[in-house]
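Contents: one structure, followed by commentary.
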Amino acid sequence: MELIEAIILSVLAASTPLLIAATGELVTERSGVLNLGVEGMMIVGAACGFAGAWLTGSIFIGALFGIIAGTMMSLIFALMALGFAVNQVATGLALTILGVGLSGLIGAGFVGERITPAVHLAIPGLTDIPLVGRVLFGEDGFVYFSIALVVGVWWFLYRTRAGLILRACGDNHASAHALGYPVLRIRTFAVMFGGACAGLAGSYLPLAYTPFFIPGMTAGRGWIALALVVFSSWRPGRLVVGAYLFGAVTILQLHAQGWGIGIPSQFMSALPYLATVIVLVLLSRARSGGSTAPAALGTVFVPDR
Amino acid sequence: MRKSLLALAAGLLLAGSVSATSAADKLKVGFIYLGPIGDLGWTYQHDLARQALVKELGDQIETTYLENVPEGPDAERSIEQLVRAGNKLIFTTSFGYMDPTLKVAKKYPNVHFEHATGYKRNPNMSTYSARWWQGRYIQGLIAAKMTKSGVLGYIGSFPIPEVVSGINATMLAAQTIKPDIKVKIIWANTWFDPGKEADAAKALIDQGADVIMQHTDSPAAMQIASERGKLAFGQDSEMIKFGPKTQLTSILDTWGPYYIERVKAELAGTWKSQDSWGGLDSHMFAMAPYTNMPDDVKKLAEDAQAAITAGKLHPFKCPIVGQDGKPVECKGGDHLDDGQILGMNFYVKGIDDKLPGK
Numbered sequence: 679m680e681l682i683e684a685i686i687l688s689v690l691a692a693s694t695p696l697l698i699a700a701t702g703e704l705v706t707e708r709s710g711v712l713n714l715g716v717e718g719m720m721i722v723g724a725a726c727g728f729a730g731a732w733l734t735g736s737i738f739i740g741a742l743f744g745i746i747a748g749t750m751m752s753l754i755f756a757l758m759a760l761g762f763a764v765n766q767v768a769t770g771l772a773l774t775i776l777g778v779g780l781s782g783l784i785g786a787g788f789v790g791e792r793i794t795p796a797v798h799l800a801i802p803g804l805t806d807i808p809l810v811g812r813v814l815f816g817e818d819g820f821v822y823f824s825i826a827l828v829v830g831v832w833w834f835l836y837r838t839r840a841g842l843i844l845r846a847c848g849d850n851h852a853s854a855h856a857l858g859y860p861v862l863r864i865r866t867f868a869v870m871f872g873g874a875c876a877g878l879a880g881s882y883l884p885l886a887y888t889p890f891f892i893p894g895m896t897a898g899r900g901w902i903a904l905a906l907v908v909f910s911s912w913r914p915g916r917l918v919v920g921a922y923l924f925g926a927v928t929i930l931q932l933h934a935q936g937w938g939i940g941i942p943s944q945f946m947s948a949l950p951y952l953a954t955v956i957v958l959v960l961l962s963r964a965r966s967g968g969s970t971a972p973a974a975l976g977t978v979f980v981p982d983r
Numbered sequence: 006m007r008k009s010l011l012a013l014a015a016g017l018l019l020a021g022s023v024s025a026t027s028a029a030d031k032l033k034v035g036f037i038y039l040g041p042i043g044d045l046g047w048t049y050q051h052d053l054a055r056q057a058l059v060k061e062l063g064d065q066i067e068t069t070y071l072e073n074v075p076e077g078p079d080a081e082r083s084i085e086q087l088v089r090a091g092n093k094l095i096f097t098t099s100f101g102y103m104d105p106t107l108k109v110a111k112k113y114p115n116v117h118f119e120h121a122t123g124y125k126r127n128p129n130m131s132t133y134s135a136r137w138w139q140g141r142y143i144q145g146l147i148a149a150k151m152t153k154s155g156v157l158g159y160i161g162s163f164p165i166p167e168v169v170s171g172i173n174a175t176m177l178a179a180q181t182i183k184p185d186i187k188v189k190i191i192w193a194n195t196w197f198d199p200g201k202e203a204d205a206a207k208a209l210i211d212q213g214a215d216v217i218m219q220h221t222d223s224p225a226a227m228q229i230a231s232e233r234g235k236l237a238f239g240q241d242s243e244m245i246k247f248g249p250k251t252q253l254t255s256i257l258d259t260w261g262p263y264y265i266e267r268v269k270a271e272l273a274g275t276w277k278s279q280d281s282w283g284g285l286d287s288h289m290f291a292m293a294p295y296t297n298m299p300d301d302v303k304k305l306a307e308d309a310q311a312a313i314t315a316g317k318l319h320p321f322k323c324p325i326v327g328q329d330g331k332p333v334e335c336k337g338g339d340h341l342d343d344g345q346i347l348g349m350n351f352y353v354k355g356i357d358d359k360l361p362g363k
């Protein structure tokens, strides 16, 4: 029982940054913009988040720094890809390279410093319930926020008029424009939201997961978040399933190795990615669950003035 | 056109991260680093050595380094750039730079190269590495003394001989103290991913390990062990600030003396291509202070270190029994020979796990 609880706790922690970053990217892509710079925005969020927490002693302000840093990065992308209508794929990749360099520069003075990590909830009575207590009532704030975030995004996209307009921009920007909606402004906000989420997701790593900063600590998680958006066929519900599935397979393969299950570890390490591909194939084969990529995803929109 | 563009790009790269001044009469020494200097592990230690070199011979030499150079074609261009910038002795500090270094070395016979952890040499290209498994043996002794559960946790990077020999040395030492000791091994299949290293440490502790050892580069595992009140060993560098009550010791890559020795040889004109595989005796690595253990364990560790340094104790002393129960052929007299250790691809008896790929 204790082991199961421990595994669930590890899975929750491993999935949270993926879920936050992917939720942000989902909104960005729903508006029709493909921002491949998630990894770059995350890593800058990690550096600034750590710097903020170290300078002020507050995890909350650290997370805020991460969000601001991610948003600033996304504004660079918005300026290039939306303002100057540069190719989105190239801009996104450039943003990642820029982010990796920037984070090294910002973080250079903070390498080796330590902070007190984000506190875990402790509600007397509730947190002590065996098995579910620590999972439901004993996590750090990021974990609960990630759930609230994805529920909020679902509500926004499918239950509000603004969400409908955002989706319309992603599916047919010309029509949305003809109807009088400011496509570029809406997309800019969507890109900024994606950047804020990526920055927050990045700051989760040095603030809660491994409370120190080292250059390169996101180690490709931004790319996994991007894959998760495709995996979810751009739906928030499936995104939650995908993020936790990925986290679970990652953690379980480590445990399987510890138990001495005789499968090559290289295969085990590839398992989460393999699972992603398999689910993608299954989803695209299912009749109703086919890919629902926004029709205008990645296309440049230049309104005629 | 394309070539000149590349050269321009490489030149800009060089200009960006180079710490150089120009003085014609000084010996120019170049370094190529795999990671960022701030990785607190592998590259960090190489740069500490470079700094030691500057401190020692700073008035006779000037050093240049390029960090974050990926292994592969970029490495070749970067090495060649260092040559063109006038560096006469170049250290390439990662296994994957082996072929690029050799290629450039053949092209520029008047420049001398030093490649870390490789096996290909040339009249103007040396190799150097360290016998880290000697330190792992000492760690095995300490771990066996300190474990309460009788289960050690080992985070491996890749199942290559360097890592496998470390696991075996640890286990052989631990068995001399507790013959039935267990080790749980998790391969992270990465040198550097703090999140995954932390997850692996959590999994090992959740499964009952109370002493954590690692062959990955970040202090994440140390930090997890510290959080959970367990013990751990550092890797590459001093990690005690991530676990003041956790770190037992750490293997420290101390390249400084070697770098100084080789540069002095270059200055004296006596540099020759060679293969250095030094251990505790030649200070190719050092052990961090033995902390968080009772005095008798500390003495045991210090005695073992002295015995290994003096050549009286060999971690791979025969007879060694393989996992399959058959004795391993002993090619080096009373211990395994260097070739067998450099190519180690089996587990010793008592490890009830399967080596990946076997």
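As they're listed, the protein sequences go chains A and B. All the letters of the first sequence, read from the start, carry residue numbers 679 to 983 under the working numbering. All the letters of the second sequence, read from the start, carry residue numbers 6 to 363 under the working numbering. Built from N, CA and C at the ideal position, the CB exists for glycine as well.
Going by beta-carbon coordinates alone, are F871/A and G702/A separated by less than 8 Å?
Pairing F871/A with G702/A gives a Cβ-Cβ distance under 8 Å.
Run down chain E in chain order and give the residues with a C-beta less than 7 Å from the C-beta of A786/A.
Among the protein chains in the structure shown, which are A and B, there is no chain E.
C-alpha distance - A692/A paired with Q345/B, whole-angstrom precision:
If you draw a straight line from the Cα of A692/A to the Cα of Q345/B, it comes to about 39 Å.
Take P981/A and list the residues in its own chain whose beta-carbon comes closer than 6 Å to its own, dropping the five residues that flank it on each side.
So the list reads H855, once near-sequence residues are dropped.
If contacts are defined as beta-carbon pairs under 8 Å, then L878/A and I775/A qualify, I think. What distance do you get, rounded to the angstrom?
About 22 Å separates the two Cβ atoms, so there is no contact after all.
Taking 8 Å as the CB-CB limit, is P361/B close to chain A?
Yes, P361/B counts as interfacial toward chain A.
Length of the line joining the Cα atoms of E817/A and K331/B:
Distance between the alpha carbons of E817/A and K331/B: 50 Å.
Would you kindly work out how many angstroms separate the C-alpha atoms of L757/A and D806/A, rounded to a whole number?
Taken atom to atom, the span from the alpha-carbon of L757/A to that of D806/A is near 50 Å.
Are the beta-carbon atoms belonging to V156/B and D211/B less than 8 Å from one another?
Not in contact: V156/B and D211/B (Cβ atoms no closer than 8 Å).
contact_flag[the stretch 80–96 of chain B, the stretch 290–300 of chain B] where n(CB pairs < 8 Å) is 3 or more
Contact between the stretch 80–96 of chain B and the stretch 290–300 of chain B is not established, with fewer than three Cβ pairs separated by less than 8 Å.
Among F163/B, G145/B, V168/B, K207/B, the one whose alpha carbon lies nearest that of I182/B
Nearest of F163/B, G145/B, V168/B, K207/B to I182/B, Cα basis: G145/B.
Does the beta-carbon distance from W912/A to A971/A come in below 8 Å?
For W912/A and A971/A, yes; Cβs fall inside 8 Å.
Find the residues of chain A that neighbour F247/B, judging by a C-beta separation of less than 8 Å, and give them in chain order.
What F247/B touches in chain A: R792, F890.
How is the alpha helix (DSSP H) around A826/A delimited, first residue to last?
Residue range 819–837 is occupied by the alpha helix (DSSP H) that includes A826/A.
I'd like the list of long-range same chain contacts for A763/A, defined as Cβ closer than 8 Å, with 5 residues on each side in sequence excluded.
Cβ contact annotation for A763/A (same chain, cutoff 8 Å, sequence separation greater than five): V978, F979, V980, in chain order.
Cα-Cα separation between H340/B and I698/A, rounded to whole angstroms:
Between H340/B and I698/A, the C-alpha separation is close to 54 Å.
Is A973/A near N850/A, with beta carbons less than 8 Å apart?
Cβ atoms of A973/A and N850/A: closer than 8 Å.
Same chain, Cβ closer than 6 Å to G770/A, five either side skipped, listed in chain order
Excluding sequence neighbours, G770/A sits near N713, L714, G715.
Tell me whether the beta-carbon of F96/B lies closer than 8 Å to the beta-carbon of T122/B.
For F96/B and T122/B, no; Cβs fall outside 8 Å.
Exposed or buried, which one is L687/A when buried takes at least 16 other CB atoms within 10 Å?
L687/A sits buried, since 16 or more C-beta atoms from the chains shown fall within 10 Å of its C-beta.
With 8 Å set as the bound, which would you pick, yes or no: does the beta-carbon of I929/A sit closer than that to a beta-carbon of chain B?
For I929/A, the closest Cβ of chain B is nearer than 8 Å.
Classify P914/A as buried or exposed, calling it buried when 16 or more other Cβ atoms lie within 10 Å of its own Cβ.
With a 10 Å radius around the Cβ and a threshold of 16 neighbouring Cβ atoms, P914/A comes out buried.
Identify the residues that DSSP records as bridge partners of Y70/B: which are they?
For Y70/B, which the question treats as bridged, DSSP gives the partners F36/B.
Can you check whether the CB of L45/B is closer than 8 Å to the CB of L74/B?
A small fix is needed here, since residue 74/B is Val in this sequence, not Leu. The answer is no: Cβ separation not under 8 Å.
Rounded to the nearest angstrom, what separates L272/B and E72/B at their Cα positions?
Whole-angstrom Cα-Cα distance: 25 Å.
N- and C-terminal bounds of the alpha helix (DSSP H) containing M750/A:
Segment 737–755, the alpha helix (DSSP H) holding M750/A.
Based on DSSP bridge pairs, tell me the residues matched to E119/B.
DSSP lists F96/B, S131/B as the beta-bridge partner residues of E119/B.
Cα separation between V828/A and A208/B?
When only Cα atoms are considered, V828/A and A208/B end up about 28 Å apart.
Residue interval of the alpha helix (DSSP H) (run including V919/A)
DSSP places V919/A in the uninterrupted alpha helix (DSSP H) bounded by 914–936.
Buried or exposed: where does N350/B fall if 16 or more other Cβ atoms within 10 Å of its Cβ makes it buried?
Of the residues assessed, N350/B falls on the exposed side of the cut-off, its CB having fewer than 16 other CB atoms within 10 angstroms.
Under the rule that 16 or more other beta-carbon atoms within 10 Å means buried, what is Y836/A, buried or exposed?
Within 10 angstroms of the beta-carbon of Y836/A lie fewer than 16 other beta-carbons, which makes it exposed.
Where H933/A meets chain B, residues with beta-carbon distance less than 8 Å:
Under the 8 Å cutoff, chain B gives A208, D211, Q212.
Between M895/A and chain B, is any beta-carbon pair separated by less than 8 Å?
It does; some Cβ of chain B falls within 8 Å.
Following the continuous beta strand (DSSP E) through D258/B, name the residue where it begins and the one where it ends.
Looking at the DSSP string, the run of the beta strand (DSSP E) that includes D258/B is 252–258.
Measuring CB atoms only, is the stretch 936–955 of chain A touching the stretch 223–236 of chain B, in the sense that at least three cross pairs come out at less than 8 Å?
Because the criterion of three Cβ pairs below 8 Å is not met, the stretch 936–955 of chain A and the stretch 223–236 of chain B do not touch.
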